[in-house]
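In the order they appear, the protein sequences are chains C, W, G and H.
Heads up, the first sequence is in the numbering used here, so the first residue is 1 and it goes up one at a time.
Heads up, the second sequence is in the numbering used here, so the first residue is 1001 and it goes up one at a time.
Heads up, the third sequence is in the numbering used here, so the first residue is 2001 and it goes up one at a time.
Heads up, the fourth sequence is in the numbering used here, so the first residue is 3001 and it goes up one at a time.
Protein chains: 4
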Amino acid sequence: MIKAGIFGATGYTGCELVKILQKHPHVHVAFATSQSLAGQTLSDVYPQAPYLPLILGEAAPFEAVEVVFLCLPHAAAAETAVRALTAGVTVIDLSADFRLKDADTYANWYDKQHPAPHLLAEAVYGLTEFAREQLPGAKLVATPGCYPTSILLPLWPLLTANLPITSPIIADAKSGTSGAGRTPKAGTHFIQVHNNFAPYKIGRSHRHLPEIEQAMGWFHPDAPSLIFSPHLLPVERGILSTIYVNFSEQITLEEIRPYFTQLYANEPFVCLLPEGELTTLAHVTHSNKCVIGLTMSGSTLVITSAIDNLVKGAAGQAVQNMNVVFGIEETAGLI
Amino acid sequence: MIKAGIFGATGYTGCELVKILQKHPHVHVAFATSQSLAGQTLSDVYPQAPYLPLILGEAAPFEAVEVVFLCLPHAAAAETAVRALTAGVTVIDLSADFRLKDADTYANWYDKQHPAPHLLAEAVYGLTEFAREQLPGAKLVATPGCYPTSILLPLWPLLTANLPITSPIIADAKSGTSGAGRTPKAGTHFIQVHNNFAPYKIGRSHRHLPEIEQAMGWFHPDAPSLIFSPHLLPVERGILSTIYVNFSEQITLEEIRPYFTQLYANEPFVCLLPEGELTTLAHVTHSNKCVIGLTMSGSTLVITSAIDNLVKGAAGQAVQNMNVVFGIEETAGLI
Amino acid sequence: MIKAGIFGATGYTGCELVKILQKHPHVHVAFATSQSLAGQTLSDVYPQAPYLPLILGEAAPFEAVEVVFLCLPHAAAAETAVRALTAGVTVIDLSADFRLKDADTYANWYDKQHPAPHLLAEAVYGLTEFAREQLPGAKLVATPGCYPTSILLPLWPLLTANLPITSPIIADAKSGTSGAGRTPKAGTHFIQVHNNFAPYKIGRSHRHLPEIEQAMGWFHPDAPSLIFSPHLLPVERGILSTIYVNFSEQITLEEIRPYFTQLYANEPFVCLLPEGELTTLAHVTHSNKCVIGLTMSGSTLVITSAIDNLVKGAAGQAVQNMNVVFGIEETAGLI
Amino acid sequence: MIKAGIFGATGYTGCELVKILQKHPHVHVAFATSQSLAGQTLSDVYPQAPYLPLILGEAAPFEAVEVVFLCLPHAAAAETAVRALTAGVTVIDLSADFRLKDADTYANWYDKQHPAPHLLAEAVYGLTEFAREQLPGAKLVATPGCYPTSILLPLWPLLTANLPITSPIIADAKSGTSGAGRTPKAGTHFIQVHNNFAPYKIGRSHRHLPEIEQAMGWFHPDAPSLIFSPHLLPVERGILSTIYVNFSEQITLEEIRPYFTQLYANEPFVCLLPEGELTTLAHVTHSNKCVIGLTMSGSTLVITSAIDNLVKGAAGQAVQNMNVVFGIEETAGLI
């Protein structure tokens, strides 16, 4: 059994992670922390939390674990990562702290100097399917953001294929409200969200934009730019990104599809829908899958790509990464 | 045109009131106040607010109005009422401050000494249908609570009929989330409410209990006691109360129904459903109606009674009261 | 008073229309028909329907009215229109029958030969703001589709401005479920829609596409093509279209905005948000407004445009058109 | 591995059952049938269905299985049960066919003569906690209805305790929409359910009433009568029953609580909340738990009892019963 610790177990992501790890056949949760709710059990905090005979603590006995999962605010995560790595413990970070390779970009978008810039190069960007070679034995893994996961998985085959794509690619993304976190605020009040639908930070202003464009640059040196429009859906969980890719030449779906099947045919968590079918949230909620549909309209490819933001977009992909890091079955705990 | 002022125009109740008064054929809104949002317009605060060319102020020029509506927290409302009455302005209070006749009961349930106990006797408890005789020319009207309105309207005919009712009457009530107010808190977070349904303060612990029992005592000197169980529904607006009344003798619906038709046959806002039909929220949302269904099961009468908590349960009934106070058509602005 | 008849009063659109006309100061509803529910009143059919002392009939006494509103399935609407026009009655059609000018295009998209192709040229396409000159005295008005209204209102100023727009324009549109009609089917089952979000008929396959492109051609002879992606939202009403317009040259919002203010500054039902603000459904539900937000990102203009699909997208715009046709105040019955 | 067959795998209950059995460590699903969708896989029918490499069939090879689960309409279930029992296969029935012991009562409430009345005496009413002694080795188990499970689990300790309860007990129950089944109808249309809340078949008219009163009679020979009021909630899953029990003498919670702890302290799926806490749907959705809260108000005990209607109210309890029948760990596949 791999002994694991969880930092920040009471947010939505932390809670989902506990739920997954508790049923994981090869993991034992040795401790879980919470600053604000230390001394309580998870069941006290969330009625729906699976019972875990474990009191939330502030202390974090690194010597008791081989791996820690960080569900902490940015900056706090990096500081904890440093301490964990020093103690020889593997870090699976779910915050934004180790996603960007460039400390200045981080400072620009997250309004803070990076607490540990020397670790940025070493961190593996854990979009599992893309990073599978680098993950085994890694000491520091950055779990990608939820929006980026839903957008990058379909863009990877497309950009590496060297097709004549015109700039910009447009990603019109819609997310459930759990993505906005557990802290009550005007924007997550029931009355504000229910019966409503609202765009926010559209264009080039959301923090996930540099993360997506960074990975697009890995896929292709001359990747197009991105217009990224997040919207808030009146549902609990799930992200559906409708992505528009224009080609400067006429291309058919028959030419494009093989690039996807080549990379994803044997992936347990990426599912390509048959032609003509469109992805819905119902395809993915409560699962670690990314489901992708492809439709060609004139010279525009319309991609529908969905994930559960708390699973493949956070806790699930974190566990998937841990499985690969420790060399155990990749799907363990996830199906 | 009656010149009206609104105190506390940015809560859900205040906003609904503005919406109604703005279309009222005989009312001109002279001012609206907001402590936290003074200087803004209502449209700034709520995207959906009807445009009102009126800047929210802190000041309240009593000399400019004949009537004020108080959508303020308790205690604050009473203090403002005193100032308004002193200035000769009629007060329609939507807070709890003038609902209870006994200052000690108020102090017990609202954790504050009443700021103006000398006004309690004078205040008219504005369950309009019941209070219609006392309202014309009244200077101070207490608009009943939302739960009480949904429960008292069907109990009035029943209790005055002198039927052999056994104690306790049970009111299992379900309310939309707007009843919990506009301030974000854990209990009104979208994730907490959506996909959930939750009882709270059941039995004899909700502040509306003494208000309901006080009116039951007006209806009948030996009124039964009440068990009152509020629940929170994942909808924006509406209250449905399912009320159970047991009789110690066998009684038929044919005997009971006339007591209802006698009082309500000509009421514009109380609607008695045909036998066999049950009330739903859809009967009443966005209207000032109270819709009542009666079902006899053995020796138990099951009443389904619904209102829109923001309309007949607050702003609508407040306007209905104002109409009667000023001697204009009771339905003006409300249908 | 204008005497009006309503055909097909029990669908969502018909019901909304009754609600509006019932409060309209210059209209008297003389009759309302329903094939399936003749003999009942609207209140029987919908608990929430405002009481209308009018029995749904099959018969339609044209001699009793000056105008009829057709909330009928396509083809049935055209047949009724012919009879109404013959009887000298003005027709406000809410179906798709008179939106397309070309009978072959109609046959291709609606799988039927047009029942009255000779009327197509005469019919006024009632996007009210665009058609205001043609409407007064018109005998046959086609009310635009809901998606088209939300997309065409922001595209009109843009396309007439002769700006260097590249093809295609992308309209990623999201609609509430009332747009799918009242007939129960798997796709509108509560469990299917709630907690879900689903694209459908994306690209170039939805029936509203030719209608939108036809109007784009009126705005500019060389209008770009359109990619149109409808999605189903788990809300009752409202459409939000996020529209992406790419320019081949660098253009600023300061250059674009005047084209909008010029056309819309004095429009009662088109509202342009201040720079930096984004449109949400909450801006428009239960109103006849179209609210538009403009954001520039690189060389892409991102437009957020919302309407209530049952009001400005159907019944409200139909009444707005009737007001202009009959020369009464355009906002009558609508604010 | 126990080899199992599923009849009627495409309804909500069947789908939930497949999901549970697929992860069950000691069960292999040998076949699953569907009349309407034979030839498809479950994934074709429900996007969210877990992939099961199993084609839905009409044929049912009894020789290949030891146990069958019947998720069929009533009457059809009984006919299939007869065939299965004849073939020596254990039957876990999820329909209403073997819940009532009296064939006449069945005929009265289900409008059909019972197809196999000779089996009624033999069938075990599988409220697992109550029936644990009778289940091992049973050949025919009737899984209780969803409402009955939520109501009977708290009534069992209370009625066996011989307390001075007055008639009637009132059960005000609220259920998610999945309880209404998968067939689209007006009452389950999204627009009808969302933003609404509706009682139905209240008093003594719902089919679950005789089932509940039958078990109450087992708990105590002079059990009180029941008033049972179901309501439809705008959520997918979960039932919360608020139950009112009046005592003719003063009794304290301290006296009542031990009756509950005695029966349930060691039950894995019945959870008694600490005093003062109330049950919510969030306590139970997606779990096999029944969570019970007790509140004393005057001489009335208010019980809040919740289950997931598709799990403990159907598929989960069916599997729990199978586990006990076959002598394997009771929680297998369920936590």
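Each residue gets a CB set at the ideal place from its N, CA and C atoms; glycine is no exception.
Computed from a predicted structure; not experimentally measured.
* Which residues in the same chain have their Cβ closer than 8 Å to the Cβ of Glu211(C), if we skip the five residues on either side of it in sequence? -> Here residue 211(C) corresponds to residue number 211 of the first sequence, with the count starting at 1. Beyond the five residues adjoining it in sequence on each side, Glu211(C) comes within less than 8 Å, by CB distance, of Ala96, Arg99, Leu100, Pro144, Gly145, Pro148 in the same chain, given in chain order.
* Is Lys2174(G) buried or exposed, if buried means 16 or more other CB atoms sit within 10 Å of its CB? -> Against the third sequence, residue 2174(G) aligns to sequence position 174. Residue burial is scored here from C-beta neighbours: Lys2174(G) has at least 16 other C-beta atoms within 10 angstroms and is therefore classed as buried.
* Asked: Counting contacts by CB-CB distance shorter than 9 Å, is Arg2204(G) in contact with chain C?
  -> Counting from 1 along the third sequence, the entry for residue 2204(G) is found at position 204. Contact with chain C is found for Arg2204(G), since one of that chain's Cβ atoms lies less than 9 Å from the residue's Cβ.
* Asked: Is the beta carbon of Arg207(C) less than 9 Å from the beta carbon of Tyr125(C)?
  -> As a working note, residue 207(C) is residue 207 in the first sequence. As a working note, residue 125(C) is residue 125 in the first sequence. Cβ atoms of Arg207(C) and Tyr125(C): not closer than 9 Å.
* Asked: Are the C-beta atoms of Ala282(C) and some chain H residue less than 9 Å apart?
  -> Position 282 of the first sequence, counted from the start, is the residue given in the question as residue 282(C). Closer than 9 Å: yes.
* Taking Cβ positions, are Arg353(C) and Asn309(C) nearer each other than 9 Å? -> In this structure chain C extends from 1 to 335, so residue 353(C) is not present and cannot be described.
* What residue does the alpha helix (DSSP H) around Asn309(C) start on, and which one ends it? -> Your numbering for residue 309(C) matches position 309 in the first sequence. Looking at the DSSP string, Asn309(C) is not in any alpha helix (DSSP H), and its letter there is neither H nor E.
* Given 8 Å as the limit, is there contact between the segment 3037–3046 of chain H and the segment 3008–3015 of chain H, that is, 3 or more CB pairs closer than that? -> Yes, since at least three Cβ pairs between the segment 3037–3046 of chain H and the segment 3008–3015 of chain H fall closer than 8 Å, the two stretches touch.
* How about Leu2153(G) and Ile2335(G): are their beta carbons less than 9 Å apart? -> Your numbering for residue 2153(G) matches position 153 in the third sequence. Your numbering for residue 2335(G) matches position 335 in the third sequence. The beta carbons of Leu2153(G) and Ile2335(G) sit no closer together than 9 Å.
* At a Cβ cut of 7 Å, what residues of the segment 2168–2201 of chain G count as close to chain H, listed as they run along the chain? -> Legend: CB atoms of the segment 2168–2201 of chain G lying less than 7 Å from CB atoms of chain H belong to residues Thr2177, Ser2178, Pro2184, Lys2185, Ala2186, Thr2188, His2189, Phe2190, Ile2191, Val2193, His2194, Asn2195.
* Should Ser2167(G) be listed as close to the ligand FAD, given that the test is whether its C-beta is under 8 Å from any heavy atom? -> As far as ligands go, the structure on display features none, and thus does not contain the ligand FAD.
* How far does the beta strand (DSSP E) with Val235(C) in it reach, from first residue to last? -> Taking the first sequence and counting its residues from 1, one reaches residue 235(C) at position 235. Looking at the DSSP string, Val235(C) is not in any beta strand (DSSP E), and its letter there is neither H nor E.
* To do: Taking only beta-carbon positions, decide if Pro3136(H) is within less than 9 Å of chain G.
  => Walking along the fourth sequence from the start, residue 3136(H) turns up at place 136. Chain G, which has no Cβ nearer than 9 Å to the Cβ of Pro3136(H), makes this no.
* Would you grab the beta carbon distance between Pro234(C) and Lys1185(W) for me? Rounded to a whole angstrom, and I think it's under 8 Å. => Here residue 234(C) is taken as the residue at index 234 of the first sequence, counted from 1. Here residue 1185(W) is taken as the residue at index 185 of the second sequence, counted from 1. Not really, about 19 Å apart at Cβ, beyond 8 Å.
* To do: Specify whether the segment 1190–1206 of chain W and the segment 1220–1230 of chain W touch according to this definition: at least 3 beta carbon pairs, one from each stretch, less than 8 Å apart.
  => Touching, yes, given that three or more Cβ pairs across the two stretches are closer than 8 Å.
* Asked: Who are the near neighbours of Leu2240(G) in its chain, counting only those whose CB is closer than 6 Å to its CB and skipping five residues on each side?
  -> Taking the third sequence and counting its residues from 1, one reaches residue 2240(G) at position 240. Lys2174, Leu2281, Ala2306, listed in sequence order.
* **Residue range of the unbroken beta strand (DSSP E) whose run includes Gly2217(G)** => For the purposes of this step, residue 2217(G) is taken as the residue at position 217 of the third sequence. Premise fails: Gly2217(G) lies in the alpha helix (DSSP H), 2208–2219, not in any beta strand (DSSP E).
* To do: Indicate whether at least one CB of chain W lies closer than 9 Å to the CB of His2286(G).
  => Position 286 of the third sequence, counted from the start, is the residue given in the question as residue 2286(G). Under the Cβ distance rule, His2286(G) counts among the residues neighbouring chain W, one pair being separated by less than 9 Å.
* Val1067(W) to Gly1008(W) span [Cα, whole Å] -> In the second sequence, the residue the question calls residue 1067(W) occupies position 67. In the second sequence, the residue the question calls residue 1008(W) occupies position 8. Taking the straight line joining both Cα atoms gives about 14 Å.
* To do: Measuring only between beta-carbons, confirm whether Val1311(W) sits less than 9 Å from chain C.
  => The sequence position of residue 1311(W) within the second sequence is 311, counting from 1. Using a Cβ-Cβ cut-off of 9 Å, Val1311(W) does not count as an interface residue toward chain C, since no Cβ of chain C sits closer than that to its own.
* Output, in chain order, the set of chain H residues within a Cβ distance shorter than 9 Å of Gly1298(W). => Locating residue 1298(W) in the second sequence gives position 298, counting from the first residue. Against chain H, a Cβ distance below 9 Å from Gly1298(W) picks out Ser3167, Pro3168, Gly3203, Arg3204, Ser3225, Ile3227.
* **Contacts around Leu1278(W), its chain only, beta-carbon distance under 8 Å, and the 5 residues preceding and following it disregarded** => Here residue 1278(W) is taken as the residue at index 278 of the second sequence, counted from 1. Gly1293, Thr1295, Thr1304, listed in sequence order.
* For Leu94(C) versus Leu70(C), is the C-beta spacing smaller than 9 Å? -> Residue 94(C) sits at position 94 when you count from the first residue of the first sequence. Residue 70(C) sits at position 70 when you count from the first residue of the first sequence. Cβ distance < 9 Å, so Leu94(C) and Leu70(C) count as in contact.
* According to DSSP, residues forming a beta bridge with His1231(W) -> On the second sequence, position 231 is the one that residue 1231(W) refers to. Lys1174(W), Pro1199(W), per the DSSP bridge assignment.
* Can at least three beta-carbon pairs, one atom from the segment 127–145 of chain C and one from the segment 310–320 of chain C, be found at a separation below 8 Å? -> Taking a cut-off of 8 Å on C-beta distances, the segment 127–145 of chain C touches the segment 310–320 of chain C, as three or more cross pairs fall below it.
* To do: Enumerate in chain order the residues of its own chain whose CB-to-CB distance from Leu2056(G) is below 8 Å, with the five nearest sequence positions on each side excluded.
  => Indexing the third sequence from 1 puts residue 2056(G) at position 56. Only Ala2009, Thr2010, Ala2032, Thr2033, Ser2034, Leu2037, Ala2038, Gly2039, Gln2040, Thr2041, Leu2042, Val2045 meet the Cβ criterion.
* **Val1065(W) versus Glu1267(W), Ala1116(W), Ala1004(W), Leu1253(W), residue with shortest Cα-Cα distance** => Here the question's residue 1065(W) lines up with position 65 in the second sequence. Per the Cα distances, Ala1004(W).
* Curious, which full-length beta strand (DSSP E) runs of at least 3 residues does the segment 2065–2146 of chain G contain? -> Runs of the beta strand (DSSP E) inside the segment 2065–2146 of chain G: 2067–2070, 2090–2093, 2140–2142.
* In chain W, which residues lie with their C-beta within 7 Å of the C-beta of Pro3234(H)? -> Residue mapping note: residue 3234(H) aligns to position 234 of the fourth sequence, counting from 1. Pro1234, Val1235, listed in chain order.
* Residues that Thr3105(H) contacts on chain W, provided the C-beta gap is smaller than 8 Å -> By one-based count along the fourth sequence, residue 3105(H) stands at place 105. Per Cβ cutoff of 8 Å: no residues; Thr3105(H) is ~17 Å from chain W at best.
* Contact check, Leu1119(W) vs Ala1078(W), beta carbons under 9 Å -> The count along the second sequence starts at 1 and reaches residue 1119(W) at position 119. The count along the second sequence starts at 1 and reaches residue 1078(W) at position 78. Note that the C-beta distance between Leu1119(W) and Ala1078(W) is below 9 Å.
* **N- and C-terminal bounds of the alpha helix (DSSP H) containing Leu253(C)** => Residue numbering aside, residue 253(C) sits at position 253 when the first sequence is read from its first letter. Counting along the chain, Leu253(C) sits inside the alpha helix (DSSP H) bounded by residues 253–264.
* So, are the CB atoms of Ile3256(H) and Leu3159(H) less than 9 Å apart? -> Working through the fourth sequence from its first residue, we reach residue 3256(H) at position 256. Working through the fourth sequence from its first residue, we reach residue 3159(H) at position 159. Taking 9 Å as the cut-off, the Cβ atoms of Ile3256(H) and Leu3159(H) do not count as close.
* **Buried or exposed (CB count within 10 angstroms, at least 16 for buried), Pro168(C)** => Locating residue 168(C) in the first sequence gives position 168, counting from the first residue. Counting Cβ neighbours within 10 Å, Pro168(C) comes out buried, since at least 16 surround it.
* Asked: How would you call Gly2176(G), buried or exposed, if buried means at least 16 neighbouring beta carbons within 10 angstroms?
  -> Taking the first residue of the third sequence as position 1, residue 2176(G) is located at position 176. By the Cβ neighbour-count rule, Gly2176(G) is buried, with 16 or more other Cβ atoms within 10 Å of its own.
* Bridge partners of Val41(C), per DSSP? -> Locating residue 41(C) in the first sequence gives position 41, counting from the first residue. According to the sequence displayed, residue 41(C) carries Thr and not Val. Thr41(C) is bridged to Ile55(C).
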